[in-house]
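What follows is one structure encoded as structure tokens, with my remarks underneath.
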Amino acid sequence: MKSLAKKTYILSAAISMLSFGASAQKTTANVDNEIYITTHYTKIEKQIAMRDGIKLFTIIYVPKDKTKKYPIMYNRTPYSAGPYGPEVYKPSLGPSMVFARDGYIFVYQDVRGRYMSEGDFVATRPYIPNKKKKTDIDETTDSYDTIDWLIKNVPGNNGKVGTWGISAPGFYATMTTIDAHPALKAVSPQAPVTDWFMGDDRHHNGAFFLMGTFSFLSYYGAPRPQPTPDHADKFTAYGTPDAYEFYKNLGPLKNVNERYFKRKNLIWNEMVDNETYDSFWASRTPVPYLKNIKPAVMTVGGWFDQEDLYGPLKTFAGIEKNKPAEPNYLVMGPWTHGSWIRGNNDYLGNVRFHSETGPYYREQIELAFFNHYLKGTTDPDLPKATIFETGSNQWKKYTAWPPAEAKEKRLYFHANGKLSFEKPIENTKEYDEFISDPDKPVPYTNEIRIDRGSDFMYEDQRFAASRPDVLVYQTGILENDVVISGHLFADLFVSTTGTDADFIVKLIDVYPGDAPDDSPNPHTKMGSFQQLVRGEVMRSKFRNSFANPEPMVPGEVTEVKFDMQDAAHCFKKGHKIMVQVQSSWFPLVDRNPQKFVNIYKATEADFQKATHRVYFKKDKASSIKVSVL
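Have a look at this one:
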């Protein structure tokens with residue numbers, strides 16, 4: 004049992020570290036941390052009964068020093084609270100080891116239906132607003148009941164609790180804020196899963212994120228008949244290192260169940276059985292219920308988060324909209340998914356940030372926030388929004404997000420590949436067109452890889468710019484810095500010969516030809532580098548309603564607007580601003596047949612070529628709305 008539990012935890016930790024972009028190599032610091040934890044903490048394992056009688060497996064690390072009382076830091080996870088067994092310790096405690104060294108009681112819990120906890124697992128379990136009986140449980144009741152038990156039964160606690168979590172655990176942290184226990188004083192949802200249809204993980208604007216979902220759900224959605232320290236194996240039988248090849252050969256989405264999952268993967272079935280934003284999806288986002296929030300909240304996200312950029316932005320906005328009594332903060336840094344928990348975070352790929360953003364966040368922001376609300380230390384006087392502005396590579400502090408001083412402007416498309424803040428005038432050429440072929444989709448990355456990775460979020464886009472099925476628009480050389488900070492929206496006027504289409508819009512920073520070669524990767528030339536700042540997809544049948552899709556009318560000019568999520572970036576003087584428009588992003592996003600059908604049930608015969616047009620007429624001017632400082 005003990006060896007199996009340790010093996011399971013190592014596998015789970017490896018998956019987590021890959022997701023967070025961290026190295027699995029053990030360093031001297033890792034060894035020092037493990038020694039510190041085993042020397043200063045005692046580990047306790049408990050099964051805590053919930054109001055309906057179901058017991059949740061909970062691991063508690065208590066400081067051995069009994070001369071003072073400690074607040075509780077509580078983390079709920081579907082990814083294993085392990086390692087299991089009283090003698091096997093975690094290699095790190097808390098949001099980071101600075102917490103362990105500062106002194107806290109740490110609590111980790113397998114959520115209902117996962118690993119060693121009893122009950123049935125429901126991914127992003129819906130909140131029940133009006134509970135009438137003990138069996139009306141959700142994540143808010145499980146967290147409330149656990150906190151109540153901890154306060155009453157863990158010796159040496161000071162009566163104050165904080166919660167935190169990254170990704171799915173971020174969702175569970177968000178849920179602790181709703182109907183919160185009075186002892187809960189501080190919460191930090193980090194990259195929180197918030198809406199699996201609108202912008203996190205599984206879909207963006209209704210378009211299915213294929214490769215990440217297939218890989219992740221191959222183990223996460225597999226059945227778990229009874230409590231176990233183990234989990235299902237992740238799919239590995241790709242037969243090629245090239246995801247583009249594997250997913251092309253897969254064919255239509257219905258083949259996933261026919262070839263691999265055989266309708267036994269519950270969460271995959273939920274994806275394909277709920278094609279539109281129906282009650283299934285609407286009930287699973289916590290945003291409508293972020294009212295009367297009592298704890299202080301600090302939501303954290305990364306500008307280059309390949310999974311959950313949508314979540315932190317919408318969680319913060321949802322709380323802020325309802326004017327909470329306690330502070331509500333937002334922190335956005337130059338990070339991939341969860342990467343802020345370790346490392347210096349001073350570069351990504353070929354892009355340097357010229358400061359150690361990770362240690363700054365962990366010590367000056369995160370620890371200071373929790374210490375103030377749980378230990379009564381000096382108020383760190385955090386601004387409403389602490390934002391890292393890429394391009395200029397500066398931390399900015401704002402009294403609101405988006406910044407109140409930001410003004411909405413539009414970057415308009417023009418003939419001959421021009422991009423400008425000026426609206427187009429009448430022109431002999433009023434559109435550009437390209438042929439979109441589902442059999443030859445535009446790749447999402449220039450790399451040959453089988454896992455999704457995160458590099459595509461800041462990758463050089465020249466590989467796509469040269470394709471005939473990618474439209475390119477760019478400004479002249481900027482005479483002054485252009486700083487965007489806030490919302491991004493695409494507003495396209497398009498037509499197609501089909502009855503459905505995807506439109507991907509990418510906002511890009513084009514470096515000068517003589518840009519210095521300061522990449523952390525040796526021998527990399529940065530001249531004319533096309534850095535992706537933000538890219539987003541829209542499935543056009545959802546243009547008017549995500550609940551009630553409508554076909555495109557062939558040949559009819561149609562407005563397609565969509566949220567591209569926020570950004571904070573400085574396009575430096577001497578650079579150019581570029582926009583690319585395409586209709587596939589494969590296999591990051593599944594292929595659109597370009598025919599109005601239920602894509603999860605589509606056959607090979609449904610996939611067809613289509614000619615798409617993007618218009619820049621005076622009265623139908625395609626553009627991107629940006630917030631300019």
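Numbering (the numbering used here), first residue to last: 4 to 632.
Each residue gets a CB set at the ideal place from its N, CA and C atoms; glycine is no exception.
By DSSP, does residue 278 sit in helix, in strand, or in coil?
Your numbering for residue 278 matches position 275 in the sequence shown. Residue 278: coil per DSSP, three-state reduction.
Go ahead and pull the three-state DSSP assignment for residue 50.
The residue labelled residue 50 in the question sits at position 47 within the sequence shown. In this structure, residue 50 counts as strand in the three-state DSSP scheme.
Between which two residues does the beta strand (DSSP E) harbouring residue 191 extend?
Here residue 191 refers to the residue found at position 188 when the sequence shown is read from its first residue. Where residue 191 is concerned, the enclosing beta strand (DSSP E) stretches over 187 to 193.
Counting pairs of beta carbons, one from the region 108 to 122 and one from the region 189 to 206, are three or more of them closer than 8 Å?
Touching, no, given that fewer than three Cβ pairs across the two stretches are closer than 8 Å.
What does a CB cutoff of less than 7 Å around residue 483 pick up in its chain, not counting 5 residues either side in sequence?
Walking along the sequence shown from the start, residue 483 turns up at place 480. Closer than 7 Å at the Cβ level, and outside the excluded window around residue 483, lie 576.
Please state the DSSP three-state secondary structure of residue 262.
As a first step, residue 262 is located in the sequence shown; it is residue number 259 there, counting from the start. DSSP places residue 262 in helix when its eight states are reduced to three.
For the alpha helix (DSSP H) containing residue 219, list its first residue and its last residue.
Position 216 of the sequence shown holds residue 219. Note, residue 219: alpha helix (DSSP H), 213 to 223.
Residue 310 bridges to which residues according to DSSP?
Position 307 of the sequence shown, counting from 1, holds the residue named residue 310. BP columns for residue 310 are empty, so no partner.
Which residue comes first and which comes last in the beta strand (DSSP E) that contains residue 545?
For the purposes of this step, residue 545 is taken as residue 542 along the sequence shown, with counting starting at 1. Note, residue 545: premise wrong, no beta strand (DSSP E); not H, not E.
Any idea if residue 612 is buried or exposed, counting beta-carbon neighbours within 10 angstroms, 16 or more meaning buried?
On the sequence shown, residue 612 is found 609 positions in, with the first residue counted as 1. Exposed, since its Cβ has fewer than 16 Cβ neighbours within 10 Å.
Residues in its own chain within less than 6 Å of residue 476 by CB, not counting five upstream and five downstream?
As a working note, residue 476 is residue 473 in the sequence shown. Excluding residues within five positions, the ones whose Cβ falls inside 6 Å are 416, 420, 422, 582.
Roughly how many whole angstroms lie between the Cα atoms of residue 42 and residue 388?
Numbered from 1 along the sequence shown, position 39 holds the residue referred to as residue 42. Numbered from 1 along the sequence shown, position 385 holds the residue referred to as residue 388. Approximately 38 Å, taken between the alpha carbons.
How long is the line joining the alpha carbons of residue 264 and residue 221, rounded to whole angstroms?
In the sequence shown, residue 264 corresponds to position 261, counting from 1. In the sequence shown, residue 221 corresponds to position 218, counting from 1. C-alpha separation (whole angstroms): 8 Å.
Just checking, does the region 347 to 365 make contact with the region 310 to 322 on the three C-beta pairs under 8 Å criterion?
In short, these stretches do not touch, since the Cβ pair count stays below three.
For residue 537, which beta-bridge partners are listed by DSSP?
Indexing the sequence shown from 1 puts residue 537 at position 534. In DSSP, residue 537 forms a bridge with 510.
Taking residue 401 as part of the alpha helix (DSSP H), name the residues at either end of that continuous run.
In the sequence shown, counting from the first residue as 1, residue 401 sits at position 398. Element bounds for residue 401: not the alpha helix (DSSP H) but the beta strand (DSSP E), 397 to 401.
For residue 608 and residue 218, I'd like the C-alpha separation in whole angstroms.
As a position in the sequence shown, residue 608 is number 605, starting the count at 1. As a position in the sequence shown, residue 218 is number 215, starting the count at 1. One C-alpha to the other measures close to 26 Å.
Which residue or residues does DSSP assign as beta-bridge partners of residue 207?
What you label residue 207 is simply residue 204 of the sequence shown in a count that begins at 1. Answer by DSSP bridge pairing, in chain order: 210.
Assign residue 139 to buried or exposed, taking buried as 16 or more other Cβ atoms, counted over all protein chains shown, within 10 Å of its Cβ.
By one-based count along the sequence shown, residue 139 stands at place 136. Answer is exposed; the Cβ neighbour count stays below 16.
Identify the residues that DSSP records as bridge partners of residue 477: which are they?
The residue labelled residue 477 in the question sits at position 474 within the sequence shown. 421, 581, per the DSSP bridge assignment.
In the DSSP assignment, find the unbroken beta strand (DSSP E) run with residue 292 in it and report its ends.
Sequence index remark: in the sequence shown, residue 292 carries index 289 (1-based). No beta strand (DSSP E) contains residue 292, which DSSP labels as neither H nor E.
For residue 307, which residues of its own chain have a beta-carbon under 7 Å away from its beta-carbon, when the five flanking residues on both sides are left out?
Translated into the one-based positions of the sequence shown, residue 307 becomes position 304. Contacts found: 337, 338, 339, 351, 457, 460, 461.
Do residue 598 and residue 516 have their beta-carbon atoms positioned less than 8 Å apart in this structure?
Stepping through the sequence shown from its first residue, residue 516 is reached at position 513. Stepping through the sequence shown from its first residue, residue 598 is reached at position 595. Result no, Cβ atoms of residue 516 and residue 598 do not sit closer than 8 Å.
Give me, in chain order, the residues of the same chain whose beta-carbon lies closer than 7 Å to that of residue 626; leave out the 5 immediate sequence neighbours on both sides.
In the sequence shown, residue 626 corresponds to position 623, counting from 1. 413, 414, 415, 416, 494, listed in sequence order.
Using DSSP with H/G/I as helix, E/B as strand and the rest coil, what is residue 631?
Taking the sequence shown and counting its residues from 1, one reaches residue 631 at position 628. Residue 631 falls in the strand class under three-state DSSP.
Check whether the Cβ atoms of residue 65 and residue 159 lie closer than 8 Å to each other.
Translated into the one-based positions of the sequence shown, residue 65 becomes position 62. Translated into the one-based positions of the sequence shown, residue 159 becomes position 156. For residue 65 and residue 159, yes; Cβs fall inside 8 Å.
Does DSSP put residue 272 in a helix, a strand or coil?
On the sequence shown, position 269 is the one that residue 272 refers to. Residue 272: helix per DSSP, three-state reduction.
On the DSSP bridge list, what partners appear for residue 58?
Here residue 58 corresponds to residue number 55 of the sequence shown, with the count starting at 1. Per DSSP, 52.
Look up residue 299 in the DSSP assignment and say whether it is helix, strand or coil.
Here residue 299 refers to the residue found at position 296 when the sequence shown is read from its first residue. Residue state, collapsed to three classes: strand.
I'd like to confirm the pairing. Which residues does DSSP put opposite residue 112 in its beta bridges?
If you number the sequence shown from 1, residue 112 lands on position 109. Bridge partners of residue 112: 61, 79.
Identify the residues that DSSP records as bridge partners of residue 366: which are they?
Your numbering for residue 366 matches position 363 in the sequence shown. For residue 366, which the question treats as bridged, DSSP gives no partner whatsoever.
Alpha carbon to alpha carbon, what distance is there between residue 380 and residue 224?
Mapped onto the sequence shown, residue 224 falls at position 221. Mapped onto the sequence shown, residue 380 falls at position 377. Rounded to the nearest angstrom, the two C-alpha atoms are 43 Å apart.
For residue 193, count neighbouring Cβ atoms within 10 angstroms of its own Cβ and tell me buried if that reaches 16, exposed if not.
Counting from 1 along the sequence shown, the entry for residue 193 is found at position 190. Result: buried.
Pull up the distance between the alpha-carbon of residue 34 and that of residue 93, whole angstroms please.
The count along the sequence shown starts at 1 and reaches residue 34 at position 31. The count along the sequence shown starts at 1 and reaches residue 93 at position 90. Their backbone Cα atoms lie some 11 Å apart in a straight line.
Pull the bridge partners of residue 134 from the DSSP assignment, please.
Locating residue 134 in the sequence shown gives position 131, where the first residue counts as 1. Residue 134 pairs with nothing; no bridge assigned.
How would you call residue 283, buried or exposed, if buried means at least 16 neighbouring beta carbons within 10 angstroms?
If you number the sequence shown from 1, residue 283 lands on position 280. The residue in question, residue 283, is exposed, as its Cβ has fewer than 16 Cβ neighbours within 10 Å.
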